[in-house]
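Student:
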Amino acid sequence: MKIATWNVNSIRARLPRVTEWLHDNNPEILLVQEIKVVDEIFPREEIEDLGYNIAVHGQKTYNGVAIFSKFPIEDVVVGLPGDDNDDQARYLECFTGGMRVASIYLPNGNPAPGEKFEYKLSWMKRLIDHAGKLFNQEEPLVLGGDFNVCPSDIDVYDPQRWENDALCRSESREYLRALTNIGFTNALRALNPGPGQFSYWDYTGGAWQKDFGLLIDHLFLSPEASDRLVGSGIDKTPRGKEKPSDHTPVWCELEGIN
DNA sequence: ATGGTTGTGTTACAA
Numbered sequence: 020m021k022i023a024t025w026n027v028n029s030i031r032a033r034l035p036r037v038t039e040w041l042h043d044n045n046p047e048i049l050l051v052q053e054i055k056v057v058d059e060i061f062p063r064e065e066i067e068d069l070g071y072n073i074a075v076h077g078q079k080t081y082n083g084v085a086i087f088s089k090f091p092i093e094d095v096v097v098g099l100p101g102d103d104n105d106d107q108a109r110y111l112e113c114f115t116g117g118m119r120v121a122s123i124y125l126p127n128g129n130p131a132p133g134e135k136f137e138y139k140l141s142w143m144k145r146l147i148d149h150a151g152k153l154f155n156q157e158e159p160l161v162l163g164g165d166f167n168v169c170p171s172d173i174d175v176y177d178p179q180r181w182e183n184d185a186l187c188r189s190e191s192r193e194y195l196r197a198l199t200n201i202g203f204t205n206a207l208r209a210l211n212p213g214p215g216q217f218s219y220w221d222y223t224g225g226a227w228q229k230d231f232g233l234l235i236d237h238l239f240l241s242p243e244a245s246d247r248l249v250g251s252g253i254d255k256t257p258r259g260k261e262k263p264s265d266h267t268p269v270w271c272e273l274e275g276i277n
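Letter by letter, the first sequence follows residues 20 to 277 of our numbering.
(1) Taking C-alpha atoms, which residue in Lys152, Gly259, Trp220, Pro268 lies nearest to isoleucine 201?
(2) How is the beta strand (DSSP E) around glycine 151 delimited, first residue to last?
(3) Between the C-alpha atoms of arginine 196 and glycine 252, what's the straight-line distance to the nearest angstrom?
(4) Could you have a look at aspartate 174 and say whether DSSP puts it in helix, strand or coil?
(5) Where do the ends of the alpha helix (DSSP H) carrying lysine 21 lie?
(6) In three-state DSSP terms, what is glutamine 327?
(7) Grab the span of the beta strand (DSSP E) containing aspartate 236 for me, first residue to last.
(8) Please go through the same chain and pick out, in chain order, the residues whose beta-carbon is closer than 6 Å to the beta-carbon of glycine 117, but skip the five residues on each side of it.
(9) Is the beta carbon of leucine 140 sitting closer than 8 Å to the one on alanine 150?
(10) Counting C-beta neighbours from all protein chains within 10 Å, is the total for isoleucine 60 16 or more, i.e. buried, or is it exposed?
(11) Just to confirm my understanding: we take aspartate 148, look at its own chain, exclude 5 residues before and 5 after, and list those with CB closer than 7 Å. What are they?
(12) Based on Cα-Cα distance, which residue from Ile86, Leu99, Gly164 lies nearest to isoleucine 123?
(13) Checking the sheet assignment: what are the DSSP bridge partners for glycine 250?
(14) Considering only the alpha carbon of each residue, which of Lys79, Ile73, Pro35, Ser189 lies closest to glutamate 93?
(15) With respect to the beta strand (DSSP E) encompassing histidine 266, which residues constitute its N-terminal and C-terminal limits?
(16) Pull up the distance between the alpha-carbon of proline 178 and that of leucine 160, whole angstroms please.
Following this line, the structure appears as structure tokens:
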């Protein structure tokens, strides 16, 4: 069972990159963020033609998340529980392929401090609460997505330059630790502890060419999932192609599920 | 150099 997460920065602008990557890598499950499209005009056929079922939580212009799975999709949860007034499409959860998965697009939070940073922290608090409930169900669970948090300085090309950014501030890191301290395993870091492993490079200033990257896309596994972790990595290939997303896929391989 | 680039049922704002 190969499961990956990818912030595609518009599914319509990125459709050639996404279908190409699915064809070449054939993951069972892909968690997708920033689709930037409403459900009604999501390009379903192109993804379904590759053998995937699709769950979508779309939004016009901004945000939007989706889940592609080779297995039937059941028990879909649309939106992060805990605030009926939150209309930003940043969370989608389902049961598929013998496990529960969530596609997460955590708020960026800049500029910080400010209203957007407060929204980020309150959203993280809700995520911690909900993740705790899911954790207690004791089933294979993968929380994956663009968390917009670099867990530690090793995940940043220039930590000093980023220390006051919402992606690296101590509050963001403390909340992310509170989430992982529930008992989740970082699928990438469990097998790849070294520096220089990034999932995002800004479009500006030649960041990709200089390898000025950040690690903000993560896969967090419940014990029932991490017991079966046999591989993980970052696939930098799509970031180097024409018209790329500014993010690239992070993946893990789980043995013995399906 | 308060810059740079990409995306949007685009043309102001988010990332």
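Glycine included, every Cβ here is placed at the ideal spot set by N, Cα and C.
All values reported here derive from a predicted model rather than from experimental measurement.
Tutor: Once the coordinates are examined:
(1) Of Lys152, Gly259, Trp220, Pro268, the residue nearest in Cα terms is Lys152.
(2) Careful: glycine 151 lies outside any beta strand (DSSP E), inside the alpha helix (DSSP H) at 134-154.
(3) Taking the straight line joining both Cα atoms gives about 21 Å.
(4) DSSP places aspartate 174 in the helix class (H, G or I) of the three-state scheme.
(5) No alpha helix (DSSP H) contains lysine 21, which is instead part of the beta strand (DSSP E) from 21-26.
(6) This structure leaves residue 327 out entirely; the chain is present only between 20 and 277.
(7) Element bounds for aspartate 236: 236-240.
(8) Ile276, Asn277, listed in sequence order.
(9) The beta carbons of leucine 140 and alanine 150 sit no closer together than 8 Å.
(10) With fewer than 16 other Cβ atoms within 10 Å, it is exposed.
(11) Cβ contact annotation for aspartate 148 (same chain, cutoff 7 Å, sequence separation greater than five): Gly101, in chain order.
(12) Taking only the C-alpha atoms, the option nearest isoleucine 123 is Gly164.
(13) Bridge partners of glycine 250 according to DSSP: Glu272.
(14) Ranking Lys79, Ile73, Pro35, Ser189 by Cα distance to glutamate 93 puts Ile73 first.
(15) No beta strand (DSSP E) contains histidine 266, which DSSP labels as neither H nor E.
(16) Their backbone Cα atoms lie some 31 Å apart in a straight line.
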